[in-house]
Amino acid sequence: MSEHSMCKKILLSGQAGFRVHYCETHRTVELEIGAMSLRLDEDALEMMSESLTESVSKLHALQATKGSFEAFMRQLKNA
C-alpha cells in the first residue's frame with residue numbers, strides 16, 4: 003500500500019487531552035497526548051501497554067509500601 007494513501011481513522015478511546023486513533027489503512031495506532039502525537043504499529047502498542055501496566059502496578063506497590071512504612075514510623079513515635 004502506498005504511504006500516501008488516505009488514512010481511515012477510528013477513535014478507540016478519548017478523554018480530555020488524550021485520544022487513541024487506529025488507522026485501518028496503515029494499521030497504526032496514533033496516541034494524542036495534549037499537543038504531542040505518537041504513531042505506533044500494533045506490536046509496539048502492545049509492548050507499550052504491557053510496560054505501562056507493569057509500571058502502574060509497581061508504582062502502586064511502592065506507594066503502598068511507603069504508606070505502610072510511614073504509618074509504622076508514626077506508631078513508633080507514639081509508643
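To get our numbering, take the position in the sequence shown, counting from 1, and add 2. Yeah, the Cβ is synthetic: ideal placement off N, Cα and C, and Gly gets one too. Note that the structure is predicted; figures quoted are calculated from it, not measured.
Under the DSSP assignment, residue 38 falls outside any alpha helix (DSSP H), being part of the beta strand (DSSP E) whose first and last residues are 38–43. An exposed status is given to residue 58, since fewer than 16 other beta-carbon atoms sit within 10 Å of its beta-carbon. By the C-beta density criterion, residue 78 is exposed, having fewer than 16 other C-beta atoms within 10 angstroms.
Listed in chain order, the non-local C-beta contacts of residue 47 below 6 Å within the same chain comprise 31, local neighbours out to five positions each way being set aside. Residues of the same chain with a CB within less than 6 Å of the CB of residue 15, apart from the 5 flanking positions on each side, are 22 in chain order. One thing to note: residue 61 has its Cβ no nearer than 8 Å to the Cβ of residue 50. In the DSSP assignment, residue 23 falls within the beta strand (DSSP E) that extends over 20–25. A straight line joining the alpha-carbon of residue 38 with that of residue 20 spans about 10 Å.
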